[in-house]
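Report on one structure; see the data block that follows.
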């Protein structure tokens, strides 16, 4: 299908993917988007207890073809 670029925005700022990755289909790129979201949140939640991760996936023309967003929060609750 082509090359896709994964641009990440989180509490650490924005990261633009200048290299991209070749995928045989948009569905394969969508699977990778799910993995990237999980990886970024797994690292971010250790540093920040609440936040939002956004990953925009661009095609070779620079058009955003899909977007993934995850909000996360760890909250301390009062004892019962």
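In the numbering used here, the protein residues as written are 590 to 669. Positions of the beta carbon are idealized from the N, C-alpha and C atoms, including for glycine. Just so we're clear, the structure is a prediction, and the values are computed from it rather than from any experiment.
Review point. To which residues of the same chain is residue 655 closer than 7 Å at the C-beta, ignoring the five residues directly before and after it?
Key: Cβ neighbours of residue 655 beyond the five flanking positions: 619, 622 and 646.
Point to revise | For residue 627, three-class secondary structure by DSSP | key: DSSP places residue 627 in helix when its eight states are reduced to three.
Review point. Per DSSP, which one or two residues make a beta bridge with residue 643?
Key: Looking at the DSSP assignment, residue 643 forms a beta bridge with 598 and 658.
Check your understanding: With 16 as the cutoff for other CB atoms within 10 Å, does residue 597 come out buried or exposed?
Key -> Per the 10 Å Cβ criterion, buried.
Review point. What's the C-alpha gap between residue 595 and residue 669?
Key: Near 43 Å, if we compare the C-alpha coordinates of residue 669 and residue 595.
Review point. From which residue to which residue does the beta strand (DSSP E) around residue 611 run?
Key: Here the beta strand (DSSP E) through residue 611 covers 610 to 612.
**Study point:** Cβ separation of residue 591 and residue 626, assumed to be a contact under 8 Å, to the nearest whole Å
**Key:** Taking 8 Å as the upper bound for CB-CB distance, residue 591 and residue 626 are not in contact here, some 21 Å apart.
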